[in-house]
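Sequences listed follow chains C and X, in order.
Numbering follows the working numbering, in which position 225 of the first sequence is assigned residue number 225; successive positions increment by one, without gaps.
Numbering follows the working numbering, in which position 195 of the second sequence is assigned residue number 425; successive positions increment by one, without gaps.
Note that CB positions come from ideal geometry on N, CA and C, so glycine has one too.
Please read these numbers as outputs of a predicted model, since none were measured by experiment.
Report on the following structure.
2 protein chains.
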Amino acid sequence: MLKMKGVSKIYRTELLETQALRNFSLHVKAGEFIAVMGPSGSGKSTFLNVTGLLDSFNEGTYELDGVDVSRLNDNEMSRIRNEKIGFIFQSFNLIPDLDVADNVDVPLRYRRLPARDRKQRIEWALETVGLSGRRHHLPSQLSGGQQQRVAIARVLAGDPCIILADEPTGNLDSAMSHEIMGLLEEVHERGTTVIMVTHSTECAARANRQLHIFDGRLVDVERVVPMPLN
Amino acid sequence: MLKMKGVSKIYRTELLETQALRNFSLHVKAGEFIAVMGPSGSGKSTFLNVTGLLDSFNEGTYELDGVDVSRLNDNEMSRIRNEKIGFIFQSFNLIPDLDVADNVDVPLRYRRLPARDRKQRIEWALETVGLSGRRHHLPSQLSGGQQQRVAIARVLAGDPCIILADEPTGNLDSAMSHEIMGLLEEVHERGTTVIMVTHSTECAARANRQLHIFDGRLVDVERVVPMPLN
Ligand SMILES: Nc1ncnc2c1ncn2[C@@H]1O[C@H](COP(=O)(O)OP(=O)(O)OP(=O)(O)O)[C@@H](O)[C@H]1O
Ligand SMILES: Nc1ncnc2c1ncn2[C@@H]1O[C@H](COP(=O)(O)OP(=O)(O)OP(=O)(O)O)[C@@H](O)[C@H]1O
Ligand SMILES: [Mg+2]
Ligand SMILES: [Mg+2]
């Protein structure tokens, strides 16, 4: 359902050029649960952003659900993102002036789901992450981990066919991480494709496949050699 | 050097009242390395913000280095913060339109250190966190873990007598977390007091004392009973 071939991504500004992904080739079947690991700065978030159609790439081909992504115009890309992809961002990306319930509601409204359906999904999602008591809080009135859970609830409410999760438990204690991983497994068992970036080997162990990114490349873990900080 | 007695903190808005710290009493000696753990939403960041004079409290007394904090005016609080306290925030708090080197420079300028001294400290701090090659990047051009490392470099460059670190390795892979914990230990060995919030039991194990926060209270870990999500 996801085919990347020779994908490269360079961030260019007047002063800098950073090669974030190099010759990236990957085949993901529908319904897989993939953990993506790698050092800080190695390209994991970039990989998720390109996969989620949030960022462009410079070389190579990317086919999502049989569609050549480079053939899509902005509207079509937007529609695929809203209907098929759910994103849990590394920095949560909550809307500061919307309360918790409205933040969870945003992608549901994009999909024009009926009001009653949206309401039920929000109730259920907030309860599942333990934040029903906070539906009227603003993001600034929440702890780091609570904000992360709102981002997770937002994706659960949408029930998309692909979930792209960037460090979904980075700000959570181990009990809560365990709960969240349980939720992702449940969602996966219903057929959702989950691609999750994580630094935690325990979380990675719950996926059924592990990818390692090193300096913008996909590598086999047996061939990884410890490298200096960069 | 840090004495809290019966400190309580309530966040109040027109709609909500959240008791974030309850009857908090704590004695920290100069030069201790303390790890603070607890579930998401339990009050850890609030505790650090109150300790670091970034937030007020409603009840109780707080004495920092022999000074009753409630007697200080804004200028005096500002000066203590700039000269004595270094903060590594849970969400990094980098200034978006300053590059990496200038972000590290900010607290050094507040202290009016001479230009050559500041330059050397910045060089050393960036090298120590492995980001010398990124000194001209803007925060938006950095990965999550790179932004976290800039926040760490900013504190290292200032060499304050108290470091308050809120989840300093939350976005870092295990190799990098290990490096950062090594840096905090080194700094501690030179006499710095370190109070570090962490979800990682491995990081907590490197401190010489562990505190547990539960629903706004300081508790003894033997008496903690698993509680439902909130
Ligand atoms: N500005 C605010 N206004 C209202 N309530 C707040 C505010 N900031 C925090 N809170 C509430 O205070 C409580 C403690 O928050 P705090 O950020 O200290 O938790 P934490 O232990 O750091 O959590 P985490 O591990 O998720 O970062 C939470 O219930 C949170 O919702
Ligand atoms: N907008 C940008 N402009 C320029 N360079 C960027 C930009 N975003 C990321 N980079 C660079 O691309 C590389 C990969 O970044 P990415 O965010 O994908 O890393 P990551 O693996 O997610 O790291 P982390 O584990 O620290 O979150 C890094 O070297 C980073 O500095
Ligand atoms: Mg990242
Ligand atoms: Mg916190």
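Give me, in chain order, the residues of the same chain whose beta-carbon lies closer than 7 Å to that of residue i; leave out the 5 immediate sequence neighbours on both sides.
| i | result |
| --- | --- |
| ASP445/X | SER272 |
| GLY268/X | LYS274, HIS442, ILE443, PHE444 |
| GLN146/C | LEU131, ARG134 |
| ASN312/X | PRO337, TYR340, ARG341 |
| THR243/X | none |
| VAL454/X | For VAL454/X, the pLDDT reaches just 43, beneath the cut-off of 50, and the residue's location in the model is therefore unreliable, leaving the point undetermined. |
Ligand 5 heavy atoms versus the CB of residue i: any closer than 8 Å?
| i | result |
| --- | --- |
| GLU167/C | The model depicted lacks ligand 5 and carries ligand 1, ligand 2, ligand 3 and ligand 4 instead. |
Could you check how far apart the C-beta atoms of residue i and residue j are, in whole angstroms? I think they sit under 8 Å.
| i | j | result |
| --- | --- | --- |
| VAL197/C | LEU48/C | 6 Å |
| GLY52/C | PHE24/C | About 14 Å; that fails the 8 Å criterion. |
| LEU21/C | LYS5/C | Between LYS5/C and LEU21/C the Cβ distance is about 12 Å, and since that is not below 8 Å, they are no contact. |
| LEU164/C | ILE85/C | 6 Å |
| SER374/X | ASN333/X | According to the sequence displayed, residue 374/X carries Gly and not Ser. Going by Cβ atoms, the distance from GLY374/X to ASN333/X rounds to 15 Å, so no, they are not a contact pair. |
| ALA383/X | PHE322/X | Not really, about 11 Å apart at Cβ, beyond 8 Å. |
| LEU413/X | LEU372/X | Not a contact, Cβ separation roughly 19 Å. |
| LEU368/X | ALA331/X | LEU368/X to ALA331/X, Cβ: 11 Å. No contact. |
Kindly list the residues whose CB is nearer than 6 Å to the CB of residue i, restricted to its own chain and excluding five residues on each side of it in sequence; keep chain order.
| i | result |
| --- | --- |
| PRO456/X | With a pLDDT of only 49 at PRO456/X, under 50, the local geometry of the prediction cannot be trusted, and the value read off the model is given with reservation. Excluding residues within five positions, none has a Cβ falling inside 6 Å. |
| PRO107/C | GLY158 |
| HIS199/C | none |
| ILE95/C | ASN103 |
| ARG71/C | none |
| ILE195/C | ILE34, LEU164 |
Per DSSP, residue i forms a beta bridge with which residues?
| i | result |
| --- | --- |
| ARG447/X | PHE444/X |
| ILE34/C | ILE195/C, ARG209/C |
| ALA165/C | ILE88/C, MET196/C |
| LEU240/X | It should be pointed out that residue 240/X corresponds to Ile in this sequence rather than to Leu. DSSP output for ILE240/X lists GLN249/X as bridge partner(s). |
| LEU64/C | LEU2/C, VAL67/C |
| LEU28/C | In the sequence on display, residue 28/C carries Val and not Leu. Bridge partners of VAL28/C: LEU2/C. |
| GLU289/X | SER238/X |
Report all residues from its chain with a CB closer than 8 Å to the CB of residue i; omit the five preceding and five following residues, and keep chain order.
| i | result |
| --- | --- |
| GLY261/X | HIS418, GLY421, THR422, THR423 |
| LEU448/X | PHE254, SER255, LEU256, LEU441, HIS442 |
| GLU247/X | ILE240, TYR241 |
| ASP55/C | LYS9, THR46, ASN49 |
| ARG209/C | GLU32, PHE33, ILE34, ALA35 |
| GLU415/X | PHE263, ARG436 |
>> At a CB distance below 7 Å, what residues from the region 281-304 of chain X approach chain C? Give them in sequence order.
In response: none
>> Give me the pocket residues for ligand 1, defined as CB within less than 5 Å of any heavy atom, sorted by chain position.
In response: GLN141/C, LEU142/C, SER143/C, GLY144/C, GLY145/C, TYR241/X, THR248/X, ALA250/X, SER270/X, GLY271/X, SER272/X, GLY273/X, LYS274/X, SER275/X, THR276/X
>> Residues of the region 176-201 of chain C in Cβ contact with chain X at a cutoff of 9 Å, in chain order, please.
In response: MET176, SER177, GLU179, HIS199, SER200, THR201
> For the region 12-27 of chain C, which residues have a beta carbon sitting closer than 8 Å to at least one beta carbon of chain X?
Replying inline: THR13, LEU15, LEU16, THR18
> Mind listing which residues of the region 392-403 of chain X have their C-beta closer than 7 Å to chain C's C-betas, in chain order?
Replying inline: GLU397, GLY400, ASN401, LEU402, ASP403
> Given a limit of 9 Å on CB to CB distance, which residues of the region 35-46 of chain C reach chain X?
Replying inline: MET37, GLY38, PRO39, SER40, GLY41, SER42, GLY43, LYS44, SER45, THR46
> Any residues in the region 313-345 of chain X with a beta carbon nearer than 8 Å to a beta carbon of chain C? Which ones, in chain order?
Replying inline: GLN320, SER321
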